[in-house]
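Written below as structure tokens is the structure these notes are about.
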Amino acid sequence: MFSITKAIGKYQDELEESKESDIIKTIEHIYFAIRGVIFKGNEYEHEHEQSRELFHPLYFSDEVNNKGLEATTSRIEYLKEKNIYNDKIEKLFTDLQEIIGRDYDKDSAIKRAFGKVIYSEFRGVISRNKTEASHVKITEGESGCILNIELHKNNLTKFNLQDDLYFNDSVIIETPMILNFSESIQNSKSLFAAQDKKSRLRSLGRANIAFHIKDLDAKLRNSAYEEDLFFNSNDSDLYEKITGIINGKIKFDKKRDEFVYSKGKESHSIVNVASGIKSFGILQMLLSLTF
Numbered sequence: 008m009f010s011i012t013k014a015i016g017k018y019q020d021e022l023e024e025s026k027e028s029d030i031i032k033t034i035e036h037i038y039f040a041i042r043g044v045i046f047k048g049n050e051y052e053h054e055h056e057q058s059r060e061l062f063h064p065l066y067f068s069d070e071v072n073n074k075g076l077e078a079t080t081s082r083i084e085y086l087k088e089k090n091i092y093n094d095k096i097e098k099l100f101t102d103l104q105e106i107i108g109r110d111y112d113k114d115s116a117i118k119r120a121f122g123k124v125i126y127s128e129f130r131g132v133i134s135r136n137k138t139e140a141s142h143v144k145i146t147e148g149e150s151g152c153i154l155n156i157e158l159h160k161n162n163l164t165k166f167n168l169q170d171d172l173y174f175n176d177s178v179i180i181e182t183p184m185i186l187n188f189s190e191s192i193q194n195s196k197s198l199f200a201a202q203d204k205k206s207r208l209r210s211l212g213r214a215n216i217a218f219h220i221k222d223l224d225a226k227l228r229n230s231a232y233e234e235d236l237f238f239n240s241n242d243s244d245l246y247e248k249i250t251g252i253i254n255g256k257i258k259f260d261k262k263r264d265e266f267v268y269s270k271g272k273e274s275h276s277i278v279n280v281a282s283g284i285k286s287f288g289i290l291q292m293l294l295s296l297t298f
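Counting in our numbering, the sequence shown tops out at residue 298, every number present.
Rendered as structure tokens:
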């Protein structure tokens, strides 16, 4: 199910190499270009939270996925009202709009993406030995079959998606030791990743790793952003229970480039934290990012 969800959610990468990566990278450039003016100036202090939510990379990229170019137009107007829209920022928004507007063939892209993620996760072997034909069907209520996948000797022959799935993302929770090796995971490569020319050159000689591990690591690293923008811990009994159990919080510290366990005024490197606390910390970070 993880492979199916990821193939559907990441199909654009097959036609526009590293498109998603370029969108996030450009949004982050916009965020860092304007945050010094908007977020630190007393003149805009009363609009601090609104501005941070508007341009926060996670929120901005989600809205781009949902609304496309409309998500950029409202932000351009906002920056012009604040007299912050200069030539540099205009160029970044122009680049972002160009990336968003590229055409793609969804059906064929999903099929290729599924083949890649299957190879990344299972080295292409998902059928039982000596099984020539296999299939996956997903049905939903009276709608009948909304997804039909057929394989012959582990080769994908059909990926027929009739309607969108109820959910658009998934995650596989790994061993808590994943937090210790985040840097190594970042320096590894996965077949199911952006593969533009620069990415291919940078990945030469790097170790291969299953995509679900890199996907989980990327999600957990996003805990470096201020989760309070999207998540109120008071609204989640589970989050509060976990925080009480481990008597603190775990999140990624971008300055230290590692996961950190905070307990009151104390701060501990993740390598010095017990595995049980790490396990709960992984759930805590995913909850804080609304997973």
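Glycine included, each C-beta is placed from N, C-alpha and C at the ideal position.
query, result
"Status (buried if at least 16 other CB within 10 Å, exposed otherwise) for GLN169", "exposed"
"Proximity of VAL124 and LYS226 at Cβ, strictly below 8 Å", "no"
"Cβ pair count under 8 Å reaching 3, the region 100-110 against the region 67-85", "yes"
"LEU99 to LEU163 span [Cα, whole Å]", "39 Å"
"Nearest neighbour of LEU296, chosen from LYS270, ASN229, SER274 [CA to CA]", "ASN229"
"HIS275 (DSSP reduced to helix, strand or coil)", "strand"
"Given 8 Å, three or more beta-carbon pairs between the region 277-291 and the region 175-187", "yes"
"Beta-carbon proximity of ALA217 to PHE259, cut-off 8 Å", "no"
"Secondary structure of SER6, DSSP reduced to three states", "There is no way to answer for residue 6, as the model of the chain reaches only from 8 to 298."
"C-beta contact flag for GLU265 and SER195 at 8 Å", "no"
"Residue environment, ARG82, which counts as buried when at least 16 other CB atoms sit within 10 Å", "buried"
"Backbone CA spacing between LYS113 and PHE67 [nearest angstrom]", "23 Å"
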